[in-house]
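Engineer:
There are 2 protein chains.
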Amino acid sequence: MDKTITFLEKHHDRYEQELIEILRIPSISSDPGSLDAMRDMAKLLKKEMHSIGMDTARIMETGGHPVVYSEWLNAPGKPTILIYGHYDVQPVDPVALWDSPPFEPVIKDGRIFARGSADDKGQIFIHLKAIEAWLATQGRLPVNLKLIFEGEEEVGSAHLEDFIKANKSLLAADYVVISDTPMFREGYPGITYGLRGLAYLQVNLKGTSTDLHSGSFGGLVKNPINALVEILAQMKDEDGRILIPGFYDHVLPITEIEHDKLSKLPFHPEDFARNIGAPALFGEAGYDDLERLWARPTFDINGIWGGFQGEGAKTVIPAEAHAKVSMRLVTDQDPEDIAHKFTSYVQSLTPVSMEVDIQAMHGGFGYLTELDNPGLQAGVRALKRAFGKDVDFLREGGSIPIVKVFADIIQAPVLLMGYGLPDQNAHAPNENFSLYNFHKGIESIVYFLEEIGGLE
Amino acid sequence: MDKTITFLEKHHDRYEQELIEILRIPSISSDPGSLDAMRDMAKLLKKEMHSIGMDTARIMETGGHPVVYSEWLNAPGKPTILIYGHYDVQPVDPVALWDSPPFEPVIKDGRIFARGSADDKGQIFIHLKAIEAWLATQGRLPVNLKLIFEGEEEVGSAHLEDFIKANKSLLAADYVVISDTPMFREGYPGITYGLRGLAYLQVNLKGTSTDLHSGSFGGLVKNPINALVEILAQMKDEDGRILIPGFYDHVLPITEIEHDKLSKLPFHPEDFARNIGAPALFGEAGYDDLERLWARPTFDINGIWGGFQGEGAKTVIPAEAHAKVSMRLVTDQDPEDIAHKFTSYVQSLTPVSMEVDIQAMHGGFGYLTELDNPGLQAGVRALKRAFGKDVDFLREGGSIPIVKVFADIIQAPVLLMGYGLPDQNAHAPNENFSLYNFHKGIESIVYFLEEIGGLE
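Here it is, written out as structure tokens:
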């Protein structure tokens, strides 16, 4: 691989110049005024794919912003890798809080500051440059490769699932690779092997047909807010354990190996608490902090409302009370099963003096890549070769819905090889991307293609 | 008393005509456009007081709408009665829901429909006509009498407490009589001898300095809404008993006599529930319905809010959560003491991962007239003589703040002899007043003056 790595070193400055160019394009998918910029961005990617040597580069229409696709399938007998990324970016408001204009990239302290630098243009560019280096220096790739970059990730990937379903054969692959996650700490490569799922519901309690005066009726009717807090208070015990019957039935405990790896990650609860302005942290008894955050399910009330919320005092017994609740799930919890169990439990707790209506709003399975998956192991070896450090094994407390969509439709494991940093300010002013990670990232993907190409 | 009662019968129709005249005046105290009407109303009352034979009738300025005052103090050695009422009325919106214009009184089915008919012009007019009949037929009153009618009751009596304090000697009396409450049922006179008090507070819980993503933080931080529902769920047990330590320390249980009287009142829980659209009623275990409503303290959450309340789903752990709570109190609970006990209890329940701030917003003592109070007994005898029925002994679940103000400053028991009906629609469209109650009311006050004048 020496000549390929030498190629990277030689073109170091050009990569940064090219990155700056694609970061200049204000491809804000949620902004109706950015339609031209979105098209310009798609065209630029198509041109770039073509110029680095990918085949059949094309812009494919969806119901919304288009997908850019290309492939290189000249390695018969070798695995096929589908690389997914997105070329759209978040809005830039509040612009006044940016130190430099969001679409005029500035390099400072080893980082490039621009909207989209980390999320996700900088990360898709890593793959393009690694492919370019392989083809330029070796005349071939060690694997079959498919690239799919979408333009609607920041607006919920509304058309992607249908697109993948409709193009299932085109996108068929042995592995899916996504670079859109952060590392755990600067200087240390990380691979994300687990995501939590989600069950989101709304609870509506109705006590009476109209609001009542608390003097004229208080003492004789059940107040729906009182009832709601009494019901929701029974979702967890004092140790933070969730009390919904059967809730933990399908929770996979973390293995000893996982626990060992998690416990090696530096985590400072005091710093974590200080950063979010919390007097102290709180979590389920009997688990380490990162396990609580990544590998244990949760129950959170995301919103609650009822009665009088204005200034001053109003002595009302409201007719209704409402809450939005969500549970972060872990494999193998089934969001539908959990929604059903939650609903039954709430119904069993609802007093006879009250009507309850529960709406399931949203759900998704968690996701886990086996630690001994050969593709994941290839990624780990590649990252270690490039960064010269042991790889952090990470999970993510949130959900990345598209991961499950790929896993289910393509029927292939998804590898989350992310090059962002925890303070990259994705979705916030002064988004930035580490140029060290950018260059080491390209190197790691060069190695990754070699490693995964060597698999049986 | 025969000639006085005959006088009433003879002037029956004139009373109704005069009532219609005062109901024509749109004395809406909250309406800046009704300043002239408020003055007209005050002048009319002054003129009326003068014409029926009261002395020193005058309009007395306050910082807002004026008070109309007069007195008759020519019964040395007899008790002095202060009669309070109000000549201002509620706004009339929504006007479209009135069957006839609110200030064009209409008589239908034995009731007079107009804004202010029950609340409170019709009821103050009862007193004026009873006094007129006494002076016209007997040339004297059997007691000393002071009348004070204010113009700001519907806007919170903002200037009345200061006025009473500043005119304490002028208003000195042995009894205060207020006719501004409803009877329990049509055809049966009632006297209200108890009111509940109030302690109203706001609870603010703060978990972190900003809202957090429930995926990235859920499991490691205490959610302030979860904490709030867990705290508020500990205010009552399953039997509806309030768990704030010391809460019941000063609650006077109702006497056997009271219990006996309350249990004679017809109360149909199914009808009550149906009227308010509740699937069932709920109250503290071990008490009768009316006892729960009138003689037991309550804990109600009047408002709650935090996090995401819009359409759809947002996976947020909010920084803060809030609730407004109130406790209806009974004698001898002290609102400050209760606010203090609630605050201490909430603080003791607040997790260390959370900051709590509690604001006491409002408070008032309950009020109770002893059942064997001679003035109250005089009222009971008078009501029975006029209506020919046993008198209902009533309490009121709400508060009438001005009652405590009179009781504390004038240092005299307050008698609540009300002539409204439960379906009088005070504060609502189609306010109405029973003409049977109006005429029987005048008769009962004629008797009341005689009865109370006969007291030692």
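As you go down the protein sequences, you meet chains Y and P in turn. So the first sequence is numbered by my numbering: it starts at -3 and just counts up by one. So the second sequence is numbered by my numbering: it starts at -3 and just counts up by one. Cβ coordinates follow ideal geometry from the N, Cα and C atoms, glycine included.
#1: Here's the rule I'm using: 16 or more other beta-carbon atoms within 10 Å means buried, otherwise exposed. How should Lys218(P) be labelled?
#2: What are the partner residues of Lys104(P), as DSSP defines its beta bridges?
#3: Could you check how far apart the C-beta atoms of Gly203(P) and Ala274(Y) are, in whole angstroms? I think they sit under 8 Å.
#4: Is any beta-carbon of chain P found at less than 8 Å from that of Tyr363(Y)?
#5: May I ask which residues mark the beginning and end of the alpha helix (DSSP H) holding Arg35(P)?
#6: If you draw a straight line from the C-alpha of Leu141(Y) to the C-alpha of Glu307(P), how long is it?
#7: Please report whether the beta-carbon of Arg192(Y) lies at a distance below 8 Å from any beta-carbon of chain P.
#8: Would DSSP call Asn140(P) helix, strand or coil?
#9: Note down, one range per segment and in chain order, each alpha helix (DSSP H) of at least 4 residues found wholly within the stretch 227 to 267 of chain P.
#10: Candidates Val151(Y), Val326(Y), Val172(Y) and Val139(Y): which alpha carbon is nearest Trp68(Y)'s?
#11: Residue range of the beta strand (DSSP E) that Glu316(P) falls in?
#12: Against Ala424(Y), what residues of chain P qualify as contacts under a CB-to-CB distance less than 8 Å, listed in chain order?
#13: Considering only residues of the same chain and omitting the five flanking positions on each side of Lys232(P), which have a CB-CB separation below 8 Å?
#14: Nearest CA to the CA of Asp256(Y): which residue from Gly242(Y), Tyr283(Y), Val102(Y) and Met350(Y)?
#15: Could you work out which residues of chain P lie near Val151(Y), taking near to mean beta carbons separated by less than 9 Å?
#16: If we count Cβ pairs, one from each stretch, closer than 8 Å, do we get three or more for the stretch 327 to 335 of chain Y versus the stretch 346 to 353 of chain Y?
#17: With distances taken between CB atoms, is the gap from Ile272(P) to Leu208(Y) smaller than 8 Å?
#18: Could you tell me the alpha carbon to alpha carbon distance between Pro75(P) and Lys436(P), rounded to whole angstroms?
#19: If Ile79(P) sits next to Leu390(P), beta carbons under 8 Å apart, how far is it from one beta carbon to the other, in whole angstroms?
#20: Tell me where the alpha helix (DSSP H) around Trp68(Y) begins and ends.
#21: Taking C-alpha atoms, which residue in Lys6(P), Asn70(P), Pro98(P) and Pro72(P) lies nearest to Glu17(P)?
#22: For Arg192(Y) and Ser344(Y), what's the separation of their Cα atoms in angstroms?
#23: Quick one: any contact between the stretch 428 to 443 of chain P and the stretch 358 to 372 of chain P, if contact means 3 or more CB pairs under 8 Å?
#24: Pair every Cβ in the stretch 385 to 405 of chain Y with every Cβ in the stretch 83 to 92 of chain Y, then say whether three or more of these pairs are closer than 8 Å.
#25: Measure the C-alpha to C-alpha separation of Phe213(Y) and Phe263(P) and round it to an integer number of angstroms.
#26: So Arg288(Y) and Gly299(Y) are supposed to be a Cβ contact under 8 Å. How far apart are they, rounded?
#27: Tell me which residue opens and which closes the beta strand (DSSP E) that Asn298(Y) is part of.
#28: Among Pro331(Y), Asp388(Y) and Lys39(Y), which has the Cα closest to the Cα of Ser259(Y)?
#29: Given Arg35(Y), which residues of its chain have a CB within under 7 Å of its CB, disregarding the five upstream and five downstream residues?
#30: Should Gly359(P) and Tyr196(P) be called a contact, given that it needs their Cβ atoms to be closer than 8 Å?
#31: My understanding is that Ala382(Y) touches Glu439(Y), with C-beta atoms under 8 Å, so please give their C-beta distance in whole angstroms.
#32: Check the Cβ-Cβ distances between Phe278(P) and every residue of chain Y, and say whether any is below 8 Å.
#33: Nearest to Trp130(P) by alpha carbon, out of Ala38(P), Met(-3)(P) and Ile313(P)?
#34: Return the chain-ordered list of same chain residues with a C-beta closer than 7 Å to the C-beta of Phe304(P), the five sequence neighbours on each side being excluded.
#35: For the stretch 87 to 111 of chain P, which residues have a beta carbon sitting closer than 8 Å to at least one beta carbon of chain Y?
#36: Would Ala335(P) count as contacting chain Y if we go by Cβ distances under 8 Å?
Structural biologist: In short, the structure shows the following:
#1: Start at 1 with the first residue of the second sequence, and residue 218(P) comes out as number 222. Buried is the call here.
#2: Residue mapping note: residue 104(P) aligns to position 108 of the second sequence, counting from 1. Answer is Arg107(P).
#3: Reading the second sequence from its first residue, position 207 is the one you call residue 203(P). Reading the first sequence from its first residue, position 278 is the one you call residue 274(Y). Indeed they touch by this definition, with Cβ atoms about 6 Å apart.
#4: The residue given as residue 363(Y) occupies position 367 in the first sequence. Chain P contact via Cβ: absent.
#5: One-based indexing of the second sequence puts residue 35(P) at position 39. Here the alpha helix (DSSP H) through Arg35(P) covers Leu31 to Ile48.
#6: To locate residue 141(Y), count along the first sequence from 1; it is residue 145. To locate residue 307(P), count along the second sequence from 1; it is residue 311. Their Cα atoms are separated by approximately 41 Å.
#7: Start at 1 with the first residue of the first sequence, and residue 192(Y) comes out as number 196. With 8 Å as the cut-off, Arg192(Y) counts as an interface residue toward chain P.
#8: Looking up residue 140(P) in the second sequence gives position 144. Strand, per DSSP.
#9: 252 to 260
#10: Mapped onto the first sequence, residue 68(Y) falls at position 72. Checking every option, the nearest Cα to that of Trp68(Y) belongs to Val139(Y).
#11: By one-based count along the second sequence, residue 316(P) stands at place 320. Run containing Glu316(P): Glu316 to Leu325, per the beta strand (DSSP E) assignment.
#12: In the first sequence, residue 424(Y) corresponds to position 428, counting from 1. The contacting residues do not exist; Ala424(Y) stays about 11 Å from chain P at best.
#13: The residue labelled residue 232(P) in the question sits at position 236 within the second sequence. Counting only Cβ-Cβ distances below 8 Å, and skipping sequence neighbours, we find Ile238, Leu239 and Phe295.
#14: What you label residue 256(Y) is simply residue 260 of the first sequence in a count that begins at 1. If we check each option's Cα against that of Asp256(Y), Tyr283(Y) comes out closest.
#15: Numbered from 1 along the first sequence, position 155 holds the residue referred to as residue 151(Y). Near Val151(Y) there are no residues of chain P at all, since even the closest Cβ is about 14 Å away, more than 9 Å.
#16: no
#17: The sequence position of residue 272(P) within the second sequence is 276, counting from 1. The sequence position of residue 208(Y) within the first sequence is 212, counting from 1. Yes. Within cutoff.
#18: As a position in the second sequence, residue 75(P) is number 79, starting the count at 1. As a position in the second sequence, residue 436(P) is number 440, starting the count at 1. So the two alpha carbons sit approximately 24 Å from each other.
#19: By 1-based counting over the second sequence, the position of residue 79(P) is 83. By 1-based counting over the second sequence, the position of residue 390(P) is 394. Contact doesn't hold; Cβ gap of about 20 Å is too wide.
#20: Counting from one through the first sequence, the residue named residue 68(Y) turns up at place 72. That residue, Trp68(Y), is in no alpha helix (DSSP H); its beta strand (DSSP E) goes Val63 to Trp68.
#21: Mapped onto the second sequence, residue 17(P) falls at position 21. Measuring from the Cα of Glu17(P), the nearest candidate turns out to be Pro98(P).
#22: Start at 1 with the first residue of the first sequence, and residue 192(Y) comes out as number 196. Start at 1 with the first residue of the first sequence, and residue 344(Y) comes out as number 348. Taking the straight line from one Cα to the other gives about 27 Å.
#23: no
#24: no
#25: Position 217 of the first sequence holds residue 213(Y). Position 267 of the second sequence holds residue 263(P). Approximately 14 Å, taken between the alpha carbons.
#26: Translated into positions along the first sequence, residue 288(Y) becomes position 292. Translated into positions along the first sequence, residue 299(Y) becomes position 303. Contact doesn't hold; Cβ gap of about 22 Å is too wide.
#27: Translated into positions along the first sequence, residue 298(Y) becomes position 302. Residues Asp296 to Gly303.
#28: As a first step, residue 259(Y) must be located in the first sequence, where it is residue number 263. The candidate whose alpha carbon is nearest that of Ser259(Y) is Asp388(Y).
#29: By 1-based counting over the first sequence, the position of residue 35(Y) is 39. Within the same chain, Arg35(Y) has no close Cβ partners at all.
#30: Counted from its first residue, the second sequence places residue 359(P) at position 363. Counted from its first residue, the second sequence places residue 196(P) at position 200. Yes, these two residues count as a Cβ contact at 8 Å.
#31: The residue given as residue 382(Y) occupies position 386 in the first sequence. The residue given as residue 439(Y) occupies position 443 in the first sequence. Going by Cβ atoms, the distance from Ala382(Y) to Glu439(Y) rounds to 4 Å, so yes, they are a contact pair.
#32: Within the second sequence, numbered from 1, the residue matching residue 278(P) stands at position 282. Yes, its Cβ sits closer than 8 Å to a Cβ of chain Y.
#33: The residue labelled residue 130(P) in the question sits at position 134 within the second sequence. Selected option, being the one with the closest Cα: Met(-3)(P).
#34: Translated into positions along the second sequence, residue 304(P) becomes position 308. If we look at Phe304(P) and ignore the five residues flanking it on each side, its Cβ neighbours are Lys310 and Val312.
#35: none
#36: Here the question's residue 335(P) lines up with position 339 in the second sequence. Ala335(P) does not count as touching chain Y.
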